[in-house]
Structure formats: structure tokens, C-alpha cells
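Beneath this line is the structure, given in C-alpha cells, with notes to follow.
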Amino acid sequence: MKTELHVPSDLQFLNVVENWLLGSLELVMGDRVDWQRQSNRLRLVLVEAYSNVVRHAHRDKPNLPVLIRLELKGRDIALEIWDQGDGYDLTNYHEPDPESLQEGGYGWLILNRLMDQVEYTLQVDGLNCLKLQTSLPELAQTNKI
Numbered sequence: 496m497k498t499e500l501h502v503p504s505d506l507q508f509l510n511v512v513e514n515w516l517l518g519s520l521e522l523v524m525g526d527r528v529d530w531q532r533q534s535n536r537l538r539l540v541l542v543e544a545y546s547n548v549v550r551h552a553h554r555d556k557p558n559l560p561v562l563i564r565l566e567l568k569g570r571d572i573a574l575e576i577w578d579q580g581d582g583y584d585l586t587n588y589h590e591p592d593p594e595s596l597q598e599g600g601y602g603w604l605i606l607n608r609l610m611d612q613v614e615y616t617l618q619v620d621g622l623n624c625l626k627l628q629t630s631l632p633e634l635a636q637t638n639k640i
């Protein structure tokens, strides 16, 4: 299954983005996934990625759309978030030290902890792409006595 969403660069659309992602996955996967657990993880990842585009990449350009693509193959999810900003040079990224009370920089850390693979590509045909990949675990079977 492949689907995509073009959405304005406005945090007011965050609920629309979340519902699109989770609704699309639930429609295809049904009750084969522990949605209570997985939806929290996927929601956090999506909120972090989308809000970074709105607050940083498209900060002064709210009319620019954000393109979000979702591909589901079996249990494997690939989520791409495309923006038209200047991009971020990851060679400048330093993992935050919690003891230093650093205010920013936790997003990249969160994405890498919650997803199996995270890639960021600068300027592909004038766009930047954040690609997030993971596999949804099978629903644990409960033994009934």
C-alpha cells in the first residue's frame, strides 16, 4: 500500500496528519497490530518530524506544503517527510547531553531511538527528505485459561 498527503505548513494540521497516518495503517493492518502501543510510537515520530518542518524548514513560509508519503509492505513501514527548506547539515549535529540542560537537538535522537532506520537527504530536486523506516511487531497472542 502506498499513499501520500500534501498538507500546509501549519501546526493546526497536526491532528489531520496523525489521523491520516494511523487511519491508513489501521485500515490495512486491522487488528494484527497492538495499536495502543504502536500508535503512540508512530504519533511521536510523526509529530517530531512534521513540527520540525513547520517550525524550522518552512518557518517563514507557511504557504509551502509538506509532502508525507507512506509505504507499507507486509509489516514494514517507510515514511517520508519532504520539505522545501534550506535543509540541515547533520555534520553539525551533536547528541544532547541531558546533564547540560540543552534545550534543542533531541528530535534526531528521538527519531533514531524509535525507528529502525532514519535517513536524511538534502536537496533532491530542490527538496529535503527525511525517511523513517520500521517494522510493526506482530500482535502478541495471549493465552486464555
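As numbered in my numbering, residues 496 to 640 make up the sequence shown, in order. A virtual CB, placed ideally from N, CA and C, is assigned to each residue, including glycine. Since we're looking at a predicted model, the values are computed, not measured.
Under the DSSP definition of a beta bridge, R564 partners with E499, E575. Spanning the alpha carbons of R564 and L574 requires a straight line of approximately 6 Å. Looking at the DSSP output, N623 bridges to D578. Between L541 and L516 a beta carbon distance of about 6 Å is seen, short of the 8 Å cut, so the two are scored as contacting. Where M524 is concerned, the enclosing alpha helix (DSSP H) starts and stops at 509 to 524. At a cut-off of 4 residues, the continuous stretches assigned as alpha helix (DSSP H) that sit fully inside the stretch 521 to 558 are 530 to 547.
Rounded to the nearest angstrom, the Cβ distance from L537 to I576 is 13 Å, too far for a contact under 8 Å. Inclusion of D584 and L622 in the CB contact set at 8 Å is not warranted, their separation being larger than that value.
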